[in-house]
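Worksheet: one structure, shown below.
Number of protein chains: 2
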Amino acid sequence: MSREAVDHAMILAAEERLAGKARLTPILSSPFLNEIAGRQVLVKPECLQHTGSFKFRGAWSAISALAKKALRRGVIAFSSGNHAQGVALAARAHDAPALIVMPSDAPAAKIANTRGLGGEVVMYDRATQDRDAIGEALARERGLTLIRPYDEPLVIAGQGTVGLEIAQQAAEQGVAEAEVLVPCGGGGLTSGIALALEAEAPGMLVRPVEPEGFDDVARSLASGRIEENAQRAGSLCDAIVTPSPGEITFPILARLCGPGLVVSEDEALAAMALAFAHLRIVLEPGGAVALAAALFHPAEIKGESVIVVASGGNVDAHVFHDALGRVPTT
Amino acid sequence: MSREAVDHAMILAAEERLAGKARLTPILSSPFLNEIAGRQVLVKPECLQHTGSFKFRGAWSAISALAKKALRRGVIAFSSGNHAQGVALAARAHDAPALIVMPSDAPAAKIANTRGLGGEVVMYDRATQDRDAIGEALARERGLTLIRPYDEPLVIAGQGTVGLEIAQQAAEQGVAEAEVLVPCGGGGLTSGIALALEAEAPGMLVRPVEPEGFDDVARSLASGRIEENAQRAGSLCDAIVTPSPGEITFPILARLCGPGLVVSEDEALAAMALAFAHLRIVLEPGGAVALAAALFHPAEIKGESVIVVASGGNVDAHVFHDALGRVPTT
């Protein structure tokens, strides 16, 4: 095994930088969800994190580690919206300008919130343009520091603090062995959690969850090499649609994670409805895929308990309304 | 001052019985809500409590104090739904049968969830029948112990644990002085929080919040004696519609609370929409009135920070959909 770019010690260091800054999200559960899933379902609602997703952790981790000179020049990020908001808020708290490159089809709420948090927003076309190239060119031009959304050790370390919390909170509930289902785009959250749990809760197995048609991580884990998605846009699960797992994240995922799980958009919407009714939290489709896997794919999961990360809740009202129509009538 | 039926020591005792049973709900906030309110808004989301409201605390507090013989015979509660669910779940955990008397106009979700938690549900007409009389007759007939929704010392003590948590969590955020806005029906939650804060955070002032047309507590505080509502039904804020403050709760409210605040149903729905968009939590109308007061009645509140209890999130999808239409377009 070659040395990885991020490790448990970096996650512990990120935890210290995040102390009093990130919110300690609780663990939620419902007897109604346990009944549907056929096992205990413990939900880690990162939709309750600052800016409505776990992305604030990685953004704060990376920005809080920058030199004062770099902060004065500012940072840049490319993101469909959750990383954007995390970077905008963390940058503002550090008095650093933030330029955010967002796809033109990002949810309106995410664009508005990013601007509301002080970010300068530049749009691009997700289907035809390469956001990495755009981001890197703008960063060079203005002398900005690029905060990558997942393939960046300090960002992965920040997301890994979710894993530290899961290890402790699950232990408090007497759960030492469980599969941990994580909504997965580029793999920053999934790899960070996997590294944290490797050290702190070795009885846990992390499994990435993706939407149908965008299952690059599941296919990459199956083939043993980085696979790409045919489509780059067109999913309600915008938060976790990325071209492929990252060069830094993939080796970690391949070493530590179990097989990927894949759910349909309908299942993600139904999971949002059940989270509304039984957990009283707001999830976006991409943030609900792990809960959907726990509820609707129980035969693909092992163990008496399953831990689910609900990674984000930035969703436009019309999409949430569509999901509400899926609340089972009782 | 005459001796009150419940005190700080009883709240501390309830806290011990609730340890590891009630969920420690976090404190949430959003820069967008701060901007609307013109001050820092700290939200205590009891919608994330077991059964979706603070009522689980009081129910557990009362039921966990019963003798084994009484538990075997069972308990009875009358409730529009939140107390019902709290009693049903707490009773089930103690292997006690639970009979729940609910108004026929209670939200469908609350009725279904109460049954789903093992409660036996009996309906009554809120406009024409006296639920107290019905409850007491059924309790006598079957030898059940009546768990009153608010005018019961052990229930008030349980709800008071919300105040213990607020005192500690606000202190962690450097807030020692603030008004604490609490959705108020019969006054169990409000009086419990007021007693806890009197002892633990004397710089806080508790203020009950009610919907227009059901402002019996505000009028009672103003007149110094128990006033009744003209109407007994017909509010979206079903959770906090009660005929009048309780005989045990009112003297506590009168001694400790500031003037009541009153909001419209439209304001409660708009607060639900803003909680959806910026806190990613699901609130029911009655659970959103304190947030509505903070956001839409800022001139009636004092201080740099305000603490808001979001007391419940058991809401039917069609009502939530109506609220979603109030999300301000951005």
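First to last, the protein sequences are chains V and U. Under the working numbering, read the first sequence as residues 1146 to 1475, first letter to last. Under the working numbering, read the second sequence as residues 1146 to 1475, first letter to last. For every residue, glycine included, the Cβ atom is placed at its ideal position computed from N, Cα and C.
Own chain residues within Cβ distance below 8 Å of U:Ala1341, not counting five before or after
His1153, Ile1156, Gly1305, Thr1306, Val1307, Gly1308, Leu1309, Ile1311, Ala1312
Mind checking V:Asp1296: buried by the 16 CB within 10 Å criterion, or exposed?
buried
Counting only C-beta atoms, is U:Ala1462 closer than 8 Å to chain V at any point?
yes
Local Cβ density within 10 Å of U:Gln1194, reported as buried at 16 or more and exposed below that
buried
Could you have a look at U:Pro1353 and say whether DSSP puts it in helix, strand or coil?
strand
What first and last residue would you give for the alpha helix (DSSP H) that runs through U:Leu1440?
1434 to 1441
Distance cut-off 7 Å: U:Ser1368 Cβ against heavy atoms of the ligand MG:
Ligands are entirely absent from the displayed structure, and the ligand MG is therefore not among its contents.
Counting Cβ pairs closer than 8 Å, one from the stretch 1455 to 1475 of chain U and one from the stretch 1425 to 1444 of chain U, do we hit at least three?
yes
Would you call the CB atoms of U:Ala1159 and U:Ala1302 closer than 8 Å?
yes
Got a sec: is the Cβ-Cβ distance from U:Arg1202 to anything in chain V below 8 Å?
no
With 8 Å set as the bound, which would you pick, yes or no: does the beta-carbon of V:Thr1170 sit closer than that to a beta-carbon of chain U?
yes
In whole angstroms, what separates the C-alpha of V:Gly1476 from that of V:Gly1261?
Residue 1476 of chain V falls outside the range modelled here, since chain V spans only 1146 to 1475, and no answer is possible.
Identify the contact partners of V:Ala1422 in chain U, using a Cβ-Cβ distance below 7 Å as the criterion.
Ala1254
First and last residue of the alpha helix (DSSP H) that includes V:Ile1279?
1276 to 1287
Taking the alpha-carbon of U:Val1460 as reference, which of U:Leu1428, U:Leu1299, U:Ala1167, U:Ala1346 has the nearest alpha-carbon?
U:Leu1428
Rounded to a whole number of angstroms, what is the C-alpha to C-alpha distance between U:Val1464 and V:Ala1212?
50 Å
Limits of the beta strand (DSSP E) - the one that U:Ala1243 falls within:
1243 to 1248
Decide yes or no for the touch test of the stretch 1274 to 1289 of chain U against the stretch 1185 to 1203 of chain U: beta carbon pairs closer than 8 Å, at least 3 of them.
no
Could you list the residues in the stretch 1192 to 1222 of chain U with a C-beta less than 7 Å from some C-beta on chain V, going in chain order?
Cys1192, Leu1193, Gly1197
Cβ of V:Thr1475 within 8 Å of any chain U Cβ
At V:Thr1475, the pLDDT of 43 sits below 50, so the modelled position is not reliable and the matter cannot be decided from this model.
On the CB-based measure, 16 or more other CB atoms within 10 Å of its CB, does U:Glu1161 come out buried or exposed?
exposed
Whole-angstrom distance between U:His1228 and V:Arg1148, CA atom to CA atom:
55 Å
Excluding five sequence neighbours on each side, which residues of the same chain lie with their C-beta closer than 7 Å to the C-beta of V:Glu1355?
Cys1329, Val1362, Ala1363, Ile1385, Gly1405, Val1407, Val1434
Residues of the stretch 1222 to 1256 of chain V with a CB closer than 8 Å to any CB of chain U: list them in chain order, please.
Leu1234, Ala1253, Ala1254
Please report the residue range of the beta strand (DSSP E) in which U:Gln1185 lies.
1185 to 1190
Amino acids of chain A, ordered along the chain, whose beta-carbon sits closer than 7 Å to that of V:Arg1425
Going by chain labels, chain A is absent from the structure shown, which instead holds the protein chains V and U.
How about V:His1153: is its C-beta nearer than 8 Å to some C-beta of chain U?
no
Cut-off 6 Å between Cβ atoms - residues of its own chain near V:Pro1242, not counting five sequence neighbours on either side:
Gly1219
Quick one: what's got a C-beta closer than 6 Å to U:Ala1150's C-beta in the same chain, skipping five residues either side?
Pro1298, Ile1393
Tell me whether V:Pro1328 sits in a helix, a strand or coil according to DSSP, three-state version.
strand
Here's the rule I'm using: 16 or more other beta-carbon atoms within 10 Å means buried, otherwise exposed. How should V:Glu1373 be labelled?
exposed
Note down, in chain order, each residue of its chain lying with its Cβ closer than 6 Å to the Cβ of V:Leu1414, except the 5 sequence neighbours on either side.
Ala1468, Arg1471
Enclosing beta strand (DSSP E) for U:Leu1406 [first to last residue]
1406 to 1408
When the Cα of U:Ala1339 is compared with those of U:Phe1421, U:Gly1331, U:Asn1179, U:Arg1400, which residue comes out closest?
U:Arg1400
Return the CA-CA distance between V:Ala1164 and V:Ser1206, expressed in angstroms with no decimal places.
10 Å
Those runs of the alpha helix (DSSP H) which lie wholly inside the stretch 1332 to 1393 of chain U and span at least 4 residues:
1333 to 1345, 1361 to 1368
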